[in-house]
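For what it's worth, my numbering labels the leading residue of the sequence shown as 780, then goes sequentially.
Glycine residues also receive a C-beta, built at the ideal position from the N, C-alpha and C atoms.
Structure first, then comments.
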Amino acid sequence: SEMTVEKIFDELGHFKRFQACLYFAAVFQAVACGIHYLASVFLVETPNFVCSVPGNITDVLFGNLTGSSLEDVLPLFKPAHGPLVVRTSEGEQWELSRCRRALRINPQGFTYNFDGNKTVKACNSNFIYDHSEVQQSIVTDWDLVCEREWLAKLCQPTFMLGVLIGALVFGDVADRVGRVRILMFTSLCQFALGVAVGFSGNYNVFVVLRFFLAMVSSGYLVVVFVYVTEFTGIKVRTWTSMHVHAAFAVGIMAVALTGYLVRVWWIYQIILSICTSPFLLICWKFPETPFFLMAKGRYKDTQTLLDAIAHFNGLECRLKAEDLLDSAERENGRALLGQEAEERPSQSEKKLSILDLFGSWRMAGRTCTVWAIWFIGSLGYYVFSLGSVNLGGNQYINLFLVGLVELPSYLVGCFAMDRVGRKKTCVPALLLAAIACFLIIVVPGDIEALAIVLCMIGKFSIAIAFGLIYLYTCELYPTIIRSLAVGSGSMMCRVGSVVAPFCVYLADVWIYLPQLIVGILAFIIGVLTMLLPETLGKPLTTTLEEAEALGRKKQDGLELNKHEAKA
């Protein structure tokens, strides 16, 4: 059973050379997940553009600016300030806006303002883009503007939908076919699909390939968490699981850097996909986790693995795989492998379902709060990350900082969690994020630096809550419904990430609407979190009636809960 396989780490080290090498290799590929999740920021970038005209342009006016070609004036064009006025070599005068053009009828001179009649014509997918910032994005290649603008905006939500589905599919499969096979399959697919996206010739192929890329990226991320926790001892587990998130942040920084250096979308996409390709050369040497091998009854393989770990860590291996099993028999009075003793109900008992998370009023309130934290953690995370490029200032630097500020947040989170407690870390984090949001709205828009600093503070604090909630959820529930609680929680988290891009696009309605939504939610949820109990590393005791409710589902449920109450 569970605790007995844990003894491996007391014997062979919680985080010695073998585990460290495995850990950093596995986490290196998690960088690719961060890369693909945020790559769309520059793939779908819309530069300044106007409707184009038939004929050659000789003169351009915009307010009191003059030029001889659109390239001169286009970088400074703001549609709110009126149209661009151009004269062609045929002598025609046109007023150009984003999505339509108007031909002036019988103009006298060539002036910016014009009182006479005009015929307004649609654009018919003829646009001129400002290529000074972005040489080529999918928007400029496939004209995803005006009536096709919504196609550009669908890129990130469809990707996030793939993330949601991938997590469901691969998390389930990994329990049956093994962690390593899934890690190998998903990382290979990440590389292949990532490069394929760069070669996609039209929008539909692009979206479909990115959807599958999202599925495998999400699958890798889900399984790598399981993998690293099953190879590291209980003492360092908080640190190892928290810092998988840190690799994701490094991915965000890689996107910012590559986006700055490479302004052609398909080259950018291919370079980003090749970033972590060295992982493919080593991942086929990865061992299966001892937990999985024992659960499947593969003792010979477990023994080989234990000897390898011992040898690599420079220790003598006194452990026998059978010992792990024997002590399990002594403890449980029956031979049950892996997690069966705790987590797999036999056929006669009712299957535990989501409803068991709402067994009593206290439990229901707890579940709603925990789900809300998962949701706002994810929503806030992506609103701050995706929205950083709209803040003004240099968008590449903004995105880079958004990744960078995450790294210290996990260190702070780890320390605070153990010193101050889970709840006392989570509440201030959520409230600080809310305050940051409200201040972004209040601060005058022309102080760009301050808005960016506030965005970083918001991201810093939401990342603390986001990194902590996984562990907190584990401790808030008894063993028999723990995996259910974590699973449903991460589901809420993915719902948050699907909603996030739409939330970011609300900036078109009012520039600060995304921050307002995140701020209000973070504040309410922060206040609700105050009602949760503190756990500090020990699973919570369940009340007797909750234990009985679960016990009716599962005969030994009551014993388990009493046992945990003692612990």
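Output the distance between the C-alpha atoms of residue i and residue j, rounded to the nearest integer angstrom.
i	j	result
Tyr1189	Phe856	42 Å
Tyr1284	Pro1293	8 Å
Glu790	Ser1020	21 Å
Leu817	Asp838	40 Å
Phe1217	Met1235	14 Å
Leu1210	Leu1233	13 Å
Val918	Lys1064	41 Å
Ala1026	Val1221	33 Å
Ala1035	Gly1171	15 Å
Ile787	Gly1275	38 Å
Gly1112	Leu1103	In this prediction, Gly1112 has a pLDDT of 36, which is less than 50 and means its spatial position is unreliable; what the coordinates show is noted afterwards. Those two C-alpha atoms are separated by around 14 Å.
Cys902	Phe1281	27 Å
Met1073	Thr783	10 Å
Ala1242	Tyr1251	14 Å
Cys1253	Pro826	45 Å
Should residue i and residue j be called a contact, given that it needs their Cβ atoms to be closer than 8 Å?
i	j	result
Tyr1047	Phe821	yes
Val823	Ser916	yes
Thr1011	His793	yes
Gly1159	Val1041	no
Thr1314	Arg1201	yes
Thr1308	Ile1152	yes
Leu992	Leu972	yes
Leu1165	Ala1279	yes
Cys1062	Leu962	yes
Val1003	Ala804	no
Leu940	Val1277	yes
Gly1237	Phe1179	no
Ile1031	Val1168	no
Tyr802	Val1007	yes
Leu1059	Leu967	yes
Ile1053	Thr1037	no
Ile1013	Glu785	yes
Gln798	Thr1055	no
As a quick exercise: from the options, pick the residue whose alpha carbon is nearest that of residue i.
i	options	result
Ser904	Leu844, Glu912, Cys1054 and Val832	Val832
Trp1140	Leu1311, Asn1173 and Trp921	Leu1311
Met1142	Ala1264, Lys1075, Phe1070 and Phe1010	Ala1264
Glu874	Cys830, Asn835 and Gly846	Cys830
Pro853	Thr867, Gly888 and Ser876	The sequence as given places Leu at residue 853; Pro does not occur at that position. That would be Ser876, whose Cα lies nearest to the Cα of Leu853.
Phe990	Glu850, Pro936 and Gly1268	Pro936
Ile1303	Phe1281, Ile1231 and Ile1214	Ile1214
Val1023	Val810, Ile1243, Pro1280 and Thr783	Val810
Leu1094	Ala1100, Glu1101, Leu1085 and Asp1102	Leu1085
Gly1138	Tyr891, Tyr1006, Tyr999 and Ile1259	Ile1259
Ser1269	Trp1150, Ser819 and Met963	Trp1150
Ala953	Arg883, Val995, Pro826 and Val1029	Val995
Val986	Cys934, Leu1036, Ala1028 and Gly950	Cys934
Ile1155	Asn981, Glu1009, Leu940 and Ala1208	Ala1208
Gly888	Val864, Ser819, His815 and Pro1223	Val864
Asn892	Arg927, Pro826 and Gly842	Gly842
Val1015	Gly1224, Phe1194 and Val984	Phe1194
Would you decide whether residue i is buried or exposed? Buried here means 16 or more other CB atoms lie within 10 Å of its CB.
i	result
Arg796	exposed
Thr900	The question names Thr, but residue 900 is Lys in the sequence shown. That one is exposed.
Phe1239	buried
Pro862	buried
Val1288	exposed
Glu1110	Low confidence applies to Glu1110: its pLDDT is 47, below 50, so where it sits in the model is not reliable, and the reading given next is rough at best. It counts as exposed.
Val1306	exposed
Arg1145	buried
Asn981	exposed
Ala1028	buried
Phe978	exposed
Asp754	Nothing about residue 754 can be read from this structure; the chain reaches only from 780 to 1346.
If you reduce the DSSP assignment to three classes, tell me which class residue i lands in.
i	result
Gln887	coil
Thr837	strand
Phe828	strand
Lys1014	helix
Trp873	strand
Phe978	coil
Arg796	helix
Arg1042	coil
Ile1226	coil
Phe1291	Here residue 1291 turns out to be Tyr, not Phe, going by the sequence shown. Reduced to three states, the DSSP call for Tyr1291 is coil.
Thr919	helix
Leu882	strand
Phe949	helix
Gly846	strand
Arg958	helix
Lys857	coil
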